[in-house]
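Asker: The structure is given below, and queries will be raised subsequently.
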Amino acid sequence: AEYMGIRVVFGSMKGLFVSVVVGLLAWASYRHFDVENADKLPPGSFGLPLLGETPALFKNGYSFFMNKAAELQSPIFKSHLLFDPVIAMTGAESMKLFYDKSKFVRHNSVAPHLVEHIFGAGVVNQLDGDDHIQRKSMILKAFSHDMVNEYLKRTQLVVTKHLTGWTASQNITVFKAVAPLVFDLVVLNFFGVDSSEGVFNLEEVQHLVAGFVAPPVNLPLTPLWKASKARAAIATAIVSLMQRYRAQKSSVKKSALTVLVDNNDAMGAAALPDDLLAGELIHLILASYGGIHRVGSFLFHALHENPNVLNKLKQEAKKLPRNVPVSLQSLANLTYSHSMAREILRFYPVVPFLTARVKETFTYKDMLFPKDMLVYSDVYGSNQDGSIYTRPEQFEPERFMAGREEDKKHEYAYTPQGGSDARTHHRCAGEQLTQRVIQSIALLAVRDYTWEYPAQDFSYGLELLCEPKDHVIISNIKSVADQ
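In the working numbering, the protein residues as written are 841 to 1323.
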């Protein structure tokens, strides 16, 4: 849940004017720096004045870093993106460098408008050192073995409810239909409430997520303004739930919220204020809704494009017990479907990059990393690393299974949700849950339902937030029990 460092800058005249002024100052400063230290910086170019290589980033999206690295024949290069001079890195070895806490920090690496209007100040993705480890320790308690089992039991109920509902429609557009399914999962698992209670609103969550990639312009009716309003409403609802839980604990189901409140309140004078604790839960909403919605939708794309995967998945789904709730135990030996979930996260464009800043000036392989310089680490491209993965452009769940285990070739080979140890580094606290939720959706879908894919355009580009052209349409959805 700690990959929210994307910086997207464009927008209205007011926002553009401010951005241009800031960009001019930054460009002028670093252009001088570039001239004096051209032989020490990584290869590459700061590009056009003001714009730098931002147009290429938006044009090429997820493939920008890979393409640039190949062009320069260097996995590390300098660039100028979104009004910031940056050093960009791709590949497993570069990801290892990026996670060296002695060299990089997360403080001040998240765009200011995201801190102000989306995350709130002081949440875990902005922390370093002991502050980060202590906060992460509390958050990880919401993803304990017992809590993940509880989430998976609820996941089964929610998935079955929604897929059964799909059978009433002639056609389903997957990228649209998965949204309320994931919303139900998020509010039930993280807050212990049913979506029908109206505590949270799907549209507000969608505004919040949309604000993450919106222009940094907080004017009425702009996406960021809507996101800011949505965040305020969501935060108010979360604080109200906290207060309700403290007053009458039996009135709220066990959830991420109740775990965090209990652990936070036990800290006494060191406890976080409610608005900051709400910010951590909002962070979970952003990561889980945005990530699972996207990956869960691409699941149905993968099953169409890879019939052999669908057939193997159907065979394994027969082993999923019907008389017990889905759990880590019932999924443990279903290794093909777990590998398939991991491959979806590796193969499809979900997270483009992570950001950090250089802690102190250092040199790496004769390349200078100046203090405070912004650094981009390529998530998508690093998980397509041809030195690690055989045929990385192919969808092959077997690459994670016994006999291949390509992800074990390098300690940073597999990093779609961050690298290193989640307890001590900026790696997603909910990584296991994400994989197991996708695995559960896949197994329940192919075991209990059938569907067809009508003629449509399944192609997709690699632009940021890309989706298949027709958003994946399925039809003739039937419950196996009714056939």
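Glycine is no exception: its CB is placed at the ideal position from the N, C-alpha and C atoms.
Computed from a predicted model, the values in this text were never measured in an experiment.
Run the CB neighbour count on D1261, radius 10 Å, all protein chains shown included, and call it buried at 16 or more, exposed below.
Answerer: The residue is exposed, with fewer than 16 neighbouring Cβ atoms inside 10 Å.
Asker: Tell me, which residues are paired with K1069 by DSSP?
Answerer: The partner list for K1069 (beta bridge, DSSP) is empty, contrary to what the question assumes.
Asker: Select from D1206, V1099, L1185 the residue whose C-alpha is nearest the C-alpha of Y991.
Answerer: Minimum Cα distance to Y991 is reached at V1099.
Asker: Touch check for the stretch 1297-1316 and the stretch 1200-1218: three-plus C-beta pairs under 8 Å?
Answerer: Flag = no, the stretch 1297-1316 and the stretch 1200-1218 do not touch.
Asker: Can you list, in chain order, the residues of its chain whose CB lies under 6 Å from that of V963, leaving out five sequence neighbours each side?
Answerer: So the list reads G1119, E1120, H1123, once near-sequence residues are dropped.
Asker: Given a cut-off of 7 Å on the beta-carbon distance, is the pair Y1411 and K936 in contact?
Answerer: The question about residue 1411 has no answer here: the residues shown for the chain are numbered 841 through 1323.
Asker: To the nearest angstrom, how far is the alpha carbon of V862 from that of D1206?
Answerer: Note on V862: pLDDT 47, under 50, position unreliable in the model; the coordinate value appears next. Spanning the two alpha carbons is a distance of roughly 30 Å.
Asker: A1142 and F1235 - do their beta-carbons sit closer together than 7 Å?
Answerer: In contact: F1235 and A1142 (Cβ atoms closer than 7 Å).
Asker: Looking only at C-alpha atoms, which of D940, G931, L967 sits nearest to N948?
Answerer: Among D940, G931, L967, the Cα nearest to that of N948 belongs to L967.
Asker: Taking the beta carbon of I1317 as the centre, do at least 16 other beta carbons fall within 10 Å, making it buried, or is it exposed?
Answerer: Burial call: buried.
Asker: Y1216 and F1193 look like a contact to me (Cβ under 8 Å); what is the Cβ gap, rounded to whole Å?
Answerer: Confirmed, Cβ separation roughly 5 Å.
Asker: Name the DSSP bridge partner or partners of P1113?
Answerer: Answer is none; P1113 lacks a bridge partner.
Asker: Closer than 6 Å by C-beta to G901: which residues in its own chain qualify, once you throw out the five before and the five after it? Chain order, please.
Answerer: For G901, where only same-chain residues beyond five positions count, the Cβ hits under 6 Å are L1302, E1303, L1304.
Asker: Quick one: is T995 buried, meaning 16 or more other Cβ sit within 10 Å of its Cβ, or exposed?
Answerer: The residue in question, T995, is buried, as its Cβ has 16 or more Cβ neighbours within 10 Å.
Asker: Excluding the 5 residues preceding and the 5 following T930 in the sequence, name in chain order all residues of the same chain whose CB lies nearer than 7 Å to its CB.
Answerer: If we look at T930 and ignore the five residues flanking it on each side, its Cβ neighbours are F905, M906, A909, P915, D1218, G1221, S1222.
Asker: Nearest CA to the CA of G1038: which residue from N1058, G1051, A1073?
Answerer: It is A1073.
Asker: Residue range of the beta strand (DSSP E) that A1196 falls in?
Answerer: Taken as a continuous stretch (DSSP letters only), the beta strand (DSSP E) holding A1196 covers 1193-1198.
Asker: Alpha carbons only, please: which of D1105, D1114, V1033, N1011 is nearest the one belonging to E1090?
Answerer: According to the sequence displayed, residue 1090 carries Ser and not Glu. Among D1105, D1114, V1033, N1011, the Cα nearest to that of S1090 is on V1033.
Asker: Kindly confirm or deny that the stretch 1131-1147 and the stretch 1180-1193 touch, where touching means at least three C-beta pairs closer than 8 Å.
Answerer: Cβ pair count under 8 Å is three or more, so yes.
Asker: Between E911, S903, G887, which lies nearest to H920 when the distance is taken from Cα to Cα?
Answerer: H920 has its Cα closest to that of G887, out of E911, S903, G887.
Asker: Would you call N1029 buried or exposed, if buried means 16 or more other Cβ atoms sit within 10 Å of its Cβ?
Answerer: The residue in question, N1029, is buried, as its Cβ has 16 or more Cβ neighbours within 10 Å.
Asker: What residue range does the beta strand (DSSP E) around N1223 cover?
Answerer: Taken as a continuous stretch (DSSP letters only), N1223 belongs to no beta strand (DSSP E), as it is neither H nor E.
Asker: Counting Cβ pairs closer than 8 Å, one from the stretch 1144-1158 and one from the stretch 1007-1019, do we hit at least three?
Answerer: No: fewer than three Cβ pairs fall under 8 Å.
Asker: Give me the Cα-Cα distance between H1324 and A932, rounded to the nearest whole angstrom.
Answerer: This structure cannot speak to residue 1324, because the chain is shown only from 841 to 1323.
Asker: Counting C-beta neighbours from all protein chains within 10 Å, is the total for L1048 16 or more, i.e. buried, or is it exposed?
Answerer: Under this definition L1048 is a buried residue.
Asker: Under the rule that 16 or more other beta-carbon atoms within 10 Å means buried, what is N1058, buried or exposed?
Answerer: Buried is the call here.
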